[in-house]
Amino acid sequence: MAAKSAWAPFPHDAKAYAYAGDALKKAWPKLHAGDAEPFPDAKRAQALIDAAGKAAKSAKADTLATALQDAWRAFHRGDFKAAFDAGSELGPFGASVAVKAIGIHATYLVDDDGEKLKRFEQAAKLAETAIKTLPDDANSHYRHAFALGRYSQGLSIAKALKQGIAGKVRESLDTALELAPKHAEAHTALALYHAEIIGKIGAMIGGLTYGAKATEAESHIKTALKLTPDSPIAHIEHGNVLMLLYGDKKEDAAAAAYEKAAKLKPQDAMEALDAAYAKEQLE
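Taking my numbering, I'd label the letters of the sequence shown as residues 889 to 1171.
Below you can see the structure in the form of structure tokens.
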């Protein structure tokens, strides 16, 4: 279990990302511009409870809202283990924060490749339970695609294709965007889906077998950048899409995208990790 293995601490100063009390609600639109996560007040908590039906057991809206807000506070200040633990305890209701916490931590703060894969696999399973209980919630599907996509990046292309991961990622992203057309991170992920397939198996086979198109990759990343111009990850992935599709031909444009990401002011621990990663790539 990931909870028992080492969780490296957030390596930067987190003072600016505390969001105590009402500060969380005030900053929420900026903090969640990328993933379109609704603010977990009592009304939202009640909607989740109603949607879950029997699976909700005897959950109380106020209690759930407080617990979700605390879990998200932990995530934003970089206490990823606390966010993961708190989210996991809330079952499908906390899957969104739990998957994001273990996923971002594994992406940046876990060095061991085997451990990384284990955590992404665990994240995908959590998201699957959320899809069953909360199928109308865009992030149930988006988190599933995120976890599976990251998991597949740790495998060989042959293995990933053999396991049929591409199709599952595509399905989850399409569903997320049907439910939330302005979900910037789902647009970013779909851009990467097209670009990675083309980058790995070529435009012709990628197009015929998986419907991967360079024009789609460019269109989705453009939408993501329009929706979240201040998000470091949108610019990082823009650079990655350019490199996957065009290689050295677009190296300068990709570097410019990374530079933009590195210069943006992070709103929370995740964005601080994104920006630091962009800086490292430029060195």
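Note that beta-carbon positions come from the ideal geometry of N, C-alpha and C, so glycine has one too.
Contiguous alpha helix (DSSP H) elements confined to the stretch 1007-1053 occur at 1026-1041, 1045-1050, taking only those with 4 or more residues. Boundaries of the alpha helix (DSSP H) around residue 1091: 1091-1098.
Here residue 1092 is exposed, its C-beta having fewer than 16 other C-beta atoms within 10 Å. Short of 7 Å from the beta carbon of residue 1027, and not among the five residues preceding or following it, lie these beta carbons of its own chain, in chain order: 923, 925, 984. Looking at 1019, 1072, 1090, the one whose alpha-carbon comes closest to that of residue 1059 is 1019.
The three-state secondary structure of residue 898, taken from DSSP, is coil. Collapsing the DSSP output to three states places residue 1167 in a helix. For residue 991, the enclosing alpha helix (DSSP H) covers residues 983-997.
Separation of residue 919 and residue 1139 (C-alpha to C-alpha, rounded to the nearest whole angstrom) is 30 Å. Sequence-distant partners of residue 975 (beyond 5 residues in either direction) whose C-beta falls short of 6 Å from its own C-beta, in its chain, are 959, 982, 985, 986.
C-alpha of residue 1031 to C-alpha of residue 1137: approximately 33 Å in a straight line.
In the three-state reduction of the DSSP assignment, residue 927 falls in the coil class.
Residue 928 and residue 1015 have their C-alpha atoms some 18 Å from each other. Residue 1061 is a Cβ neighbour of residue 1081, given a cutoff of 8 Å. Cβ-Cβ distances below 8 Å link residue 1147 to 1166, 1170 in the same chain, with the five nearest sequence neighbours on each side left out; the list follows chain order. Closest by C-alpha distance to residue 1034, out of 992, 953, 1088, 1144, is 992.
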